[in-house]
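Q: One structure, as structure tokens, below. Some questions next.
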Amino acid sequence: MLLGSRTGRNLLYLYLAQGANYLFPLVTLPYLARVLGPGGFGVLALGQSLAVYLQLVVEYGFTLSGTREVARHREDKEALGHIFAGVLGAKVLLAVPALSLALLAQGLPSLKGKEEVVLAAFFWAVAWGFSPVWFFQGLERMREVALLEVLTRALATAGVFVWVRSPEQAHWPLFLNGAGALVATIMGTFWLKRDFPLRLPNLGDGWRFLRLGFGLFFFRLAVSLYTAANPLILSFFVPPAQVGLYGGAERITKAFLAMVDPFSRVFFPRFAHGVREDPKGAGRLASWVFLLMGGIGMGGALLLGLLAPWVVRLLLGPGYEGAVPLMRTLVFLLPLIALSNFLGIQWMLAWGMDRAFNAIIVGAGLVNLASASVFSYLWGPQGLAWAVVLVEALVTGSMLWYLHVRRRLPWEVAR
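Positions -11 to 403 (our numbering) are the ones given, in order, by the sequence shown.
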């Protein structure tokens, strides 16, 4: 039985963790949208976008590079202690540029006079960035990963319903997420301390881990250019209430995207093995998965587009009617991202096309910065929504073109 195996149990725990990451924020969405109003919700969206970038600096891709180092040395407790101290030292060093960026962000027109939002975003970023989840992942102790992530989200969700009461408290959800993450970080570190000789942060080793993880940090930074930057870009051209409409539509759409992503990732190990042992068999399976993912994405887009007025009324409430056309544009992301996730993360990386994959992502990030700025200036939130869809179409089209040139499209391999 799959669930009786270690892999099956780990998969179940990861699904629980991902469910927490999307379900708990979705539970608070109707409440926050109504309590904060479009203006306050727009301020919150700005703070969350800033927090994502600050967290990216502190976390630095160690969920990939640090996890890989732990996995390589999982039988050597002494080495694991040095890895923990080195990564922790690197994060202490990274907190300094993160703080500098937070202070600079206070100069943005949309954040002037909102120091509490910037500080809450910085607190959230540091609390999440210092989480030891990466260490547990390297050890394949996914139960602890799920527990920590569920605990973080549950504490933040409870706090939102208890303390957030007015638009002036738009920064409180950021602070509460940080507080939940801090509690989980302390608990996770205590659990590790019982089993491993953990050391205090080592700044010397920290520099070494910064060099080691730079490539993966650059990749994650490129991805963020067209996944997290858009509310900040929009805020340069429209008032917070308009940012709130876009943020609400985007959050609902991303919640539906979360249902597609776990399904697609299940096939990566099989593809990675199959392209070497049985390329035609892998190609046949991949062809069916391609059609299935596209079908699921199209079905979801059609359903969400039709139900957009009802979904907005239910989840966001009065005052957010302007989010309906935005959502009906953003639903095109469902099939596009379903296919690009499959083609890129599942299929291209299985063939070892890392360089081409990274080039497409970096290019898309740069195009997004330009197009999102121009479209937001000309057409506001609706223009930004179309810019996001066009960039994702560029990503999917580029992957299809590159794979065709290399004769590596699934149906071409299967012949």
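Think of the CB as a built atom: it goes at the ideal place given N, C-alpha and C, for glycine as much as any other residue.
Might you give, ordered along the chain, the residues of its own chain that have their beta carbon closer than 7 Å to the beta carbon of Glu132, omitting 5 neighbours on each side?
A: Phe124, Gly176, Trp179.
Q: Just mark Met(-11) as buried or exposed, buried being the case when its beta carbon has 16 or more other beta carbons within 10 Å.
A: Reliability of the predicted coordinates at Met(-11) is poor, the pLDDT of 45 falling under 50, and no value is obtained from them.
Q: Hey, Gly27 and Pro323 are a contact pair by Cβ (cut 8 Å); roughly how many whole angstroms apart?
A: No, Gly27 and Pro323 are not in contact; Cβ-Cβ is about 33 Å, not under 8 Å.
Q: Within 10 angstroms of its Cβ, does Ser154 collect 16 or more other Cβ (buried), or is it exposed?
A: exposed
Q: What three-state label does DSSP hand Asp266 in the structure shown?
A: coil
Q: At the level of alpha carbons, what is the spacing between Ala352 and Ala216?
A: 13 Å
Q: Helix, strand or coil, according to DSSP, for Ala216 in the structure here?
A: The answer is coil: DSSP assigns Ala216 none of H, G, I, E or B.
Q: Nearest to Phe345 by CA position, among Arg316, Met387, Glu137, is which residue?
A: Met387
Q: Helix, strand or coil for Gln94? Go by DSSP, reduced to three states.
A: coil
Q: Within a Cβ cutoff of 6 Å, which residues of the same chain sit near Gly166, ignoring the five residues on either side of it in sequence?
A: Phe111, Trp112, Ala115
Q: State the CB to CB distance for the pair Val45 and Val105, rounded to an integer number of angstroms; the pair is presumed to be in contact (CB under 8 Å).
A: With a beta-carbon spacing of about 18 Å, Val45 and Val105 fall beyond the 8 Å limit used to define contacts.
Q: Does the structure place the segment 254 to 274 close enough to the segment 377 to 387 that three or more beta carbon pairs sit under 8 Å?
A: no
Q: Identify every run of the alpha helix (DSSP H) within the segment 318 to 389, keeping only runs that are complete inside it and at least 4 residues long; order them along the chain.
A: 321 to 328
Q: Any C-beta of chain C sitting closer than 9 Å to the C-beta of Asp342?
A: Of the chains in the structure shown, none is chain C; there is only one protein chain.
Q: When you compare the CB positions of Ala169 and Ser119, do they come within less than 9 Å of one another, or not?
A: yes
Q: Anyone know if the C-beta pair for Arg301 and Leu17 falls short of 9 Å?
A: no
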